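In numbering that gives the first Met the number 0, the protein residues as written are 0 to 69.
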Amino acid sequence: MDAAALGDRLVVRAHDGDGARDALGELTGRTTETVTIVTRRGPVTVRRTDVVAAKPVPPPPPPRPRRTTG
0 MDAAALGDRL VVRAHDGDGA RDALGELTGR TTETVTIVTR RGPVTVRRTD VVAAKPVPPP
60 PPPRPRRTTG
């Protein structure tokens, strides 16, 4: 994660209670203790000590054209 630049698209898996959660989005903040990923649902701040895995991911695909009936 330290090699990722702000603005890179990442998926971050972190411990969350007894399980884990994933945050997929743009890396917008990083401190010595946390990282912030902006997902479709909004910003998610994760403690670095909770991070299990992180990796870069490609940009999302473009939206599909709407189908017209007729």
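Idealized CB from N, CA, C, for every residue including glycine.
Computed from a predicted model, the values in this text were never measured in an experiment.
When secondary structure is reduced to three states using DSSP, Asp7 falls in the coil class, being assigned neither helix nor strand.
Val37 places its beta carbon 8 Å or farther from that of Asp21. Taken in chain order, the complete beta strand (DSSP E) segments of 3 or more residues contained in the region 17-46 are 18-29, 33-38 and 41-46. Assignment of Asp49 by DSSP, reduced to helix, strand and coil, places it in the helix class. Distances from the alpha-carbon of Asp15 to those of Thr27, Thr48, Met0 and Ala3 put Thr48 closest. For Thr33 and Asp17, the gap between their C-alpha atoms comes out near 20 Å.
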